[in-house]
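Chemist: Here's a structure for you.
Written out as structure tokens, the structure reads:
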């Protein structure tokens, strides 16, 4: 009887073990533009697990036409191997838009292997965003004024939709139905020349444009607020952000933030890439907005309800991306300037920087997701 009971208990234990979800941990991926690497940061322990080489196939374009113009691009704008990042829902595949290499590439994290790559129509493959189910990846084709859609199962382009001039940041609507794209405007035109600076809203399935929201300045990073009734949008040359109605495009409120540090005596026309502030997100509880003041080297925490300033927090050189942690506790801010090359960890509760983590050269784009420990172990990130 005891032997039979032991067999039953053993079998039950095996069934439970087989049905239990595999252990996973939150990992922040940060792209290092000039290194061609992505740093993996344990988002709980706040330490770097290692780096992933995302240019294993070489540091020059694979496409002959792109290769022909590549030296001029690098001379004019510098190296850009990692422009945008997206992580599959299962935490096993990393998608990278590779800037002036002009393509989008997929990597198996466990084996660190390049799975496939697709050349975009643009001289720069810009930001990317993935649908919640992971089936469709969107990439901003900056110089051809369109967003291209990729079927991640077939590894093929399945269409595109038109945008304003120089499409940049991409976000999915909270319900996963629509793609929002903000356009910078053609920065090669003389100052004051008319150019289209819009937020374009398209159906993620049909790729039909359902709404265009025009603005008088280039659209930088933006984020949905709680209950999805507002967008908080950063604009070219502007020190602060604006609250925007996502249906009409009307500006509901404006938050001006101080010009400090290295920007005190700098003319807006001299701002690198026209970006005064570049990086914005909302805390997990929806009470605070985290705003990266790129030219002033600080992060502002702003009360969402009143738009009053809760804290001005000095960080590293040129903070240029902001990402709220999955648990809602931190705002991760990438300091892209050569004097920093780091990640500032901002505590929403303490309203201060609680840690600074060293990264690769020119860190910027960030994405966080849960990655199975088995994947990280296979890749050598866990021991």
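Numbering (the working numbering), first residue to last: 6 to 388.
Quick reminder that beta carbons are idealized off the backbone N, C-alpha and C, glycines included.
Since we're looking at a predicted model, the values are computed, not measured.
Counting only runs that start and end within the segment 185 to 257, where is the alpha helix (DSSP H) found for 4 or more residues in a row?
Modeler: Here no run is fully enclosed.
Chemist: Nearest chain C C-beta to residue 148 closer than 8 angstroms, yes or no?
Modeler: Annotation note: the requested chain C is absent from the structure, which comprises a single protein chain.
Chemist: Using only the alpha-carbon positions, how far apart do residue 404 and residue 129 sit?
Modeler: Only positions 6 to 388 of the chain appear in the structure, and residue 404 is not among them; the question remains open.
Chemist: For the ligand ATP, is there any heavy atom lying closer than 7 angstroms to the beta carbon of residue 239?
Modeler: With respect to the ligand ATP, the structure shown offers nothing to examine, as it has no ligands at all.
Chemist: Would you decide whether residue 256 is buried or exposed? Buried here means 16 or more other CB atoms lie within 10 Å of its CB.
Modeler: As a working mapping, residue 256 is identified with position 251 in the chain shown. It counts as exposed.
Chemist: Just list the beta strand (DSSP E) runs in the segment 127 to 163, keeping only unbroken ones of 3 residues or longer that don't cross its boundaries, in chain order.
Modeler: Listed in chain order, they are 130 to 135, 141 to 146, 151 to 156.
Chemist: With which residues is residue 171 paired in a DSSP beta bridge?
Modeler: Position 166 of the chain shown, counting from 1, holds the residue named residue 171. Answer is none; residue 171 lacks a bridge partner.
Chemist: Using alpha carbons as the reference points, say which of 150, 186, 181 lies closest to residue 171.
Modeler: Position 166 of the chain shown holds residue 171. When each option's Cα is compared against that of residue 171, the closest is 150.
Chemist: Report the residue from 243, 190, 155 whose alpha carbon sits nearest the alpha carbon of residue 111.
Modeler: Translated into positions along the chain shown, residue 111 becomes position 106. When only C-alpha atoms are compared, the closest one is 155.
Chemist: Among the residues of its own chain, which have a CB less than 8 angstroms from the CB of residue 97, if the five just before and after it don't count?
Modeler: Taking the chain shown and counting its residues from 1, the one referred to as residue 97 is at position 92. If we look at residue 97 and ignore the five residues flanking it on each side, its Cβ neighbours are 113, 114, 115, 376, 377, 380.
Chemist: Where does residue 302 sit, in a helix, a strand or coil, going by DSSP?
Modeler: Looking up residue 302 in the chain shown gives position 297. Residue state, collapsed to three classes: coil.
Chemist: Name the DSSP beta bridge partners of residue 183, please?
Modeler: By one-based count along the chain shown, residue 183 stands at place 178. According to DSSP, which records beta bridges pairwise, residue 183 is partnered with 208.
Chemist: For residue 251, which option in 210, 291, 183, 201 has the closest C-alpha, if you only look at C-alpha atoms?
Modeler: In the chain shown, counting from the first residue as 1, residue 251 sits at position 246. Taking only the C-alpha atoms, the option nearest residue 251 is 183.
Chemist: Report the rounded CA-to-CA distance for residue 226 versus residue 337, giving the unit in angstroms.
Modeler: Residue numbering aside, residue 226 sits at position 221 when the chain shown is read from its first letter. Residue numbering aside, residue 337 sits at position 332 when the chain shown is read from its first letter. C-alpha separation (whole angstroms): 15 angstroms.
Chemist: What ranges does the beta strand (DSSP E) occupy inside the segment 336 to 369, keeping only unbroken runs of at least 3 residues that lie completely in it?
Modeler: Correct list: 347 to 352, 357 to 363.
Chemist: Return the chain-ordered list of same chain residues with a C-beta closer than 6 angstroms to the C-beta of residue 276, the five sequence neighbours on each side being excluded.
Modeler: Looking up residue 276 in the chain shown gives position 271. So the qualifying residues of the chain are 300.
Chemist: Nearest-angstrom Cα distance between residue 344 and residue 324?
Modeler: By 1-based counting over the chain shown, the position of residue 344 is 339. By 1-based counting over the chain shown, the position of residue 324 is 319. Between residue 344 and residue 324, the C-alpha separation is close to 11 angstroms.
Chemist: Pick helix, strand or coil for residue 44, following the three-state DSSP scheme.
Modeler: Here residue 44 refers to the residue found at position 39 of the chain shown. Reduced to three states, the DSSP call for residue 44 is strand.
Chemist: When DSSP labels each residue in this structure, what does residue 286 get in the three-state scheme?
Modeler: Along the chain shown, one-based indexing puts residue 286 at 281. Looking at residue 286 - three-state DSSP - the assignment turns out to be strand.
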